[in-house]
Amino acid sequence: MTAPLVSIRGLTLEARTARGTARILSSIDLDIGRGRILGIVGESGSGKSSLASCLLRLLPANVTRLDGVVDFAGTNLLALDETAMAAWRGTRIAMIFQDPMTALNPLFTIGTHLVDVIRRRTPGLPRRDALTRAEAMLERVAIADPAQRLASYPHELSGGMRQRVMIAMALLAGPELLLADEPTTALDATVEAQIVALLEELRRDIDGSIVFISHHLGLVAQLCDDICVMYGGTVVETGPVAEVLAAPRHPYTRALLACEIDQDDSGRLISIAGEVPDPIVRPPGCVFAPRCDRAEPRCRSEAPALRVVAPDRRSACHFAETLA
Amino acid sequence: MRAETARYLASRLVTSALIILGAMLLLFALSALVPGDPAVTLLGPQASPEFARQFIREMGLDRPLHERLWLFLTNVLTGNLGTDVLSGRPVAGMVLSVIPYTFVLTFGAIGLAVLLGVPLGVFAATHRGSLADNVLAFISVAFIAVPSFVVAILLLLVFSIWLNWLPVLGAGNADDLWDQARRLILPMVALAIGWVGFIARLVRSSMLEVLAEPHIRTMRAYGVSERLVTYKYALKNACIPTIALLGMGIGRLLGGAVLVEIVFARPGLGRLIFDALSVRNFPVVQGAVLVVVVLFVVVNLLVDLSYSAIDPRMRRAGAAK
Amino acid sequence: MKALVKVLRQVCGTLPGALGFAIVVVVLGAAIFAPWVATHDPDRLDVMNRFAAPSAAHWLGTDQLGRDLYSRLVHGASIAMVVALSAIAAALVAGTLLGILAAWMPPRGEAAVLILFDVISSFPSLVLALAIVAVFGPSTFMVVVIAAVTLTPHFGRVARAQVLTLRSAPFLEAERILGAGLPRIVFHHILPNIMGPLIVLASMDIPVVITIEAGLSFLGLGVRPPLASWGVLIQDGYQYLSDSWVPVVVSSAALAVATLGFTLFGEALRDAVDPRIRQER
Chain A
40 MTAPLVSIRG LTLEARTARG TARILSSIDL DIGRGRILGI VGESGSGKSS LASCLLRLLP
100 ANVTRLDGVV DFAGTNLLAL DETAMAAWRG TRIAMIFQDP MTALNPLFTI GTHLVDVIRR
160 RTPGLPRRDA LTRAEAMLER VAIADPAQRL ASYPHELSGG MRQRVMIAMA LLAGPELLLA
220 DEPTTALDAT VEAQIVALLE ELRRDIDGSI VFISHHLGLV AQLCDDICVM YGGTVVETGP
280 VAEVLAAPRH PYTRALLACE IDQDDSGRLI SIAGEVPDPI VRPPGCVFAP RCDRAEPRCR
340 SEAPALRVVA PDRRSACHFA ETLA
Chain B
610 MRAETARYLA SRLVTSALII LGAMLLLFAL SALVPGDPAV TLLGPQASPE FARQFIREMG
670 LDRPLHERLW LFLTNVLTGN LGTDVLSGRP VAGMVLSVIP YTFVLTFGAI GLAVLLGVPL
730 GVFAATHRGS LADNVLAFIS VAFIAVPSFV VAILLLLVFS IWLNWLPVLG AGNADDLWDQ
790 ARRLILPMVA LAIGWVGFIA RLVRSSMLEV LAEPHIRTMR AYGVSERLVT YKYALKNACI
850 PTIALLGMGI GRLLGGAVLV EIVFARPGLG RLIFDALSVR NFPVVQGAVL VVVVLFVVVN
910 LLVDLSYSAI DPRMRRAGAA K
Chain C
490 MKALVKVLRQ VCGTLPGALG FAIVVVVLGA AIFAPWVATH DPDRLDVMNR FAAPSAAHWL
550 GTDQLGRDLY SRLVHGASIA MVVALSAIAA ALVAGTLLGI LAAWMPPRGE AAVLILFDVI
610 SSFPSLVLAL AIVAVFGPST FMVVVIAAVT LTPHFGRVAR AQVLTLRSAP FLEAERILGA
670 GLPRIVFHHI LPNIMGPLIV LASMDIPVVI TIEAGLSFLG LGVRPPLASW GVLIQDGYQY
730 LSDSWVPVVV SSAALAVATL GFTLFGEALR DAVDPRIRQE R
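Residue numbers (the numbering used here), protein chains in the order written: chain A, 40 to 363; chain B, 610 to 930; chain C, 490 to 770.
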């Protein structure tokens, strides 16, 4: 693999909650390859959305600790001051959010949203020209009647249409890194399929890298080149999608794969016994040990490091080699 | 969409009409309740019996109650608010001649309060938890807590009597706009101060709420400047509760205007009612109070309509609350 | 008792709360112990000594009839407190009953009560008060009535909301299945459960009543002279502003400090008792 676009090292995120300090992310190491689509999978609460927020540095006010390095083409994003970071947003990094129902301001038209995003890239562009560009982009994401839609308010659009608008917004920004945080989770199944089809079609048009966050392994298999499996605020396994899914090297990945069909809507895995780990009271050893059917005494005392187990593949399991 | 808007409008109009009708009935009931012989109460014990009899006939006080009610209602609908018993002038004319003063004072105060309160609230919200935020919070409470007529008296004392910067009493020479404007300043400030506090607090809390919403996060994620996010995208959302507050508050504001008008000896609806009250000139009180009620209802109606101008969701949903 | 101490400690934990609590204690103390706190008979005239400057004999000077201003202010605190507490007590009873009834009524009746609340609370109540006073004449009793009517919707809305959240509580369901009548449910279960928020609301309404009383009395439409209501004192001072500025400033300041103190205390109390409705800080 050539040098990655983004390489994350030792990323740790803690936040204050009513019950105490919660460790949301625990020394994450992850590379995002140039021009590749990386799928991040995990249950709700595994930290996958927080990871995306760290890349964009849009974090809630209760964050108490943010450590590590996020190297984006040679720049450590975590070391930038707020003004410098703001310059990255909407130009080199953009994001599509989970819930298109609330991600657009109800008091402004679609056109106004898009014009401000375009002007962000091209300051001083006359509104008329910006609208023309916006219209073309809406057409490209297959929105019927784009001229009319520009004058519509968000509540006049269906969920699928709004997500198309969000995608158009991302394309207008033309980022090197596009973060898509469960872009289809809030949509119903048929609309989800349409949006996935659109993303597949657009894959060729986006020259940057994409991080696709999902709790849906099937989608990741369909769309992505690489996969990163997260559990309890840590990365448990990474590697090329096809290889990882064909022969997982972490018990959690295996469990995920085994119960893909049994998932409910909230993304909780029904067939893995036990609860998602508590981010405030973390187990001393492997985070997955309490739910792992292969756990041994060593797993409960010693946390496994994420290590290379095969070319391009890493796993955080003491017994990765014996899993095959 | 059209039909729903029309239905919503119609229901609002009916409610407004009901409130006005209720106020009319209440005022009529009060006039029927005036204790003692109305002629004696209004004309004083010295009035000659013939004059009192003539007065009673002219005022229709000798007719049965339901006839008087009917007369009152039909008169009001034709714009006849009755006659001033003392001067014989029509009440409608008296009210019309003072309304502009109350209007300028009240709306001037609202304008001033919005002009000061909104930026203060936005500032407090964007500097949440800072010393300035805490100081502003305290000042807002103080502004809200201190009654406007106390503010009025103190302003009068300091700026007119001690410093002699501004003229004291009255609305000023009718032909001299500059004089009128100068005499408007203190009453307007006195009336506005409490509302600066209300608005600043409300804008602060609604701004904090809006700034935490996902759509604000979207704009930030796209690097839209913080200034645009705050003043264009968040402020518009935060304005909706503020407009509701102003609509609800217009009654309080009119009440405050009465006191302020009296402190500064300004002509206006409050002054008119108060002066009529001190000589127990009930028809004038009745007519002027009715006009205040109508004003109040109309302003509330306008506020409701302005929601749909700001919030496109209202245009379809057609529900203001 | 222990709970009360805990709440008061929390109230005084913030600077505005402590300030408000101190003012409330002073005003209440002056109101309750007025005859002992005052240095003079508030109504004793001393015409030779009009507009005396503050001195050892008259701490805040005298008014246009030579009455001791400090003593009159102290008695003004009593009047303000008596009016405030009786108006709030009346509004509390009326509002709570209406609110509970509204929650139990069929939708149409409930809507009617809510519209009534809306109309009263958004109506220019001072203007309406003028019309009422025009008919019945000014008196302290009318002030209490007007203030009570104005405040009733506050208590009514909160009582209704509380009942609505309580109504589906399992213990009430159980009572109802056991055939308990409405009065029993109201007095044994509803009232004890909704008293907390209502008391907080009552404390927040004290400055509102003080303002209404002072405003009406200032206009000569409330408490009548020679009773030393703060509104009357301000009116007296305002009338004789050209003779001396001391009475008007002193009495305005007393009113302003009292309303500010009660407001600060009420808000701190709300924050301490019910963190849910605390404003985002």
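Positions of the beta carbon are idealized from the N, C-alpha and C atoms, including for glycine. All of these numbers come straight from a predicted model, not from anything done at the bench.
Where residue 220/A is concerned, the enclosing beta strand (DSSP E) starts and stops at 216–220.
Of the candidates 53/A, 105/A and 109/A, the residue whose Cα lies closest to the Cα of residue 43/A is 109/A.
Minimum Cα-Cα distance from residue 130/A among the listed residues 160/A, 118/A, 66/A and 112/A corresponds to 160/A.
Sequence-distant Cβ neighbours of residue 819/B in its own chain, meaning closer than 7 Å and more than five residues away, are 825, 843, 846 and 847. A straight-line Cα-Cα distance of about 29 Å links residue 876/B and residue 638/C.
Distance from residue 63/A to residue 95/A at the Cβ level is roughly 15 Å; contact not present, criterion being Cβ atoms closer than 8 Å.
One finds 831 in chain B with Cβ atoms closer than 7 Å to the Cβ of residue 212/A, taken in chain order. For residue 916/B, there is no enclosing beta strand (DSSP E); the residue is found in the alpha helix (DSSP H) stretching over 891–919. A straight line joining the alpha-carbon of residue 207/A with that of residue 146/A spans about 19 Å.
If you ignore the 5 residues before and after residue 762/C, its C-beta comes within less than 7 Å of the C-beta of 496, 685 and 689, all in its own chain and listed in chain order. At a cut-off of 9 Å between C-beta atoms, residue 846/B counts as an interface residue with respect to chain A. In the DSSP annotation of this structure, residue 703/B is not part of any beta strand (DSSP E); the continuous alpha helix (DSSP H) holding it starts and ends at 700–735.
Taking 4 residues as the minimum length, the alpha helix (DSSP H) runs contained wholly in the stretch 210–263 of chain A are 228–241 and 256–262, in order along the chain.
In the structure shown, residue 279/A adopts extended strand secondary structure according to DSSP, grouped into three states.
DSSP, read as helix, strand or coil, puts residue 144/A in coil. With fewer than 16 other Cβ atoms inside 10 Å of its own Cβ, residue 728/C counts as exposed. Under the DSSP definition of a beta bridge, residue 271/A lacks any partner. Of all residues in the stretch 699–724 of chain B, none places a beta-carbon less than 9 Å from a beta-carbon of chain A.
The beta strand (DSSP E) runs of length 3 or more contained entirely in the stretch 45–115 of chain A are, from start to end of the chain, 45–56, 59–71, 76–80 and 102–111. By the C-beta density criterion, residue 893/B is buried, having at least 16 other C-beta atoms within 10 angstroms. Sorting 851/B, 696/B and 713/B by C-alpha distance to the C-alpha of residue 811/B places 851/B at the top. Proximity of residue 919/B to chain A, defined by a Cβ-Cβ separation below 9 Å, is satisfied. Interface residue (Cβ-Cβ distance to chain B less than 9 Å): residue 289/A is not classified as such. Judged by beta-carbon spacing, residue 896/B lies within the 9 Å limit of residue 701/B, meaning their Cβ atoms are closer than that value. According to the DSSP assignment, residue 132/A belongs to the beta strand (DSSP E) that extends over 132–135.
Against chain A, the beta carbon of residue 822/B has neighbours under 9 Å at 141 and 144, listed in chain order. Note on geometry: alpha-carbon atoms of residue 499/C and residue 750/B lie some 19 Å from one another. Judged by beta-carbon spacing, residue 709/C lies beyond the 9 Å limit of residue 615/C, meaning their Cβ atoms are not closer than that value. In the displayed model, residue 762/B falls within a helix according to three-state DSSP.
Straight-line spacing of the CA atoms in residue 538/C and residue 722/C works out to 17 Å. Between the C-alpha atoms of residue 344/A and residue 830/B there is a straight-line separation of about 33 Å. In this structure, the beta-carbon distance from residue 765/B to residue 795/B falls below 9 Å. Under the Cβ criterion of 9 Å, residue 615/C is counted among the residues facing chain B. For the stretch 892–921 of chain B, the beta-carbon criterion of a distance under 8 Å to any beta-carbon of chain C is satisfied by 894, 895, 898, 901, 902, 905 and 909. Non-local C-beta neighbours of residue 148/A in its own chain, meaning closer than 8 Å and more than five positions away in sequence, comprise 189, 190, 191 and 192, ordered along the chain.
No Cβ-Cβ contact shorter than 9 Å links residue 739/C with residue 517/C.
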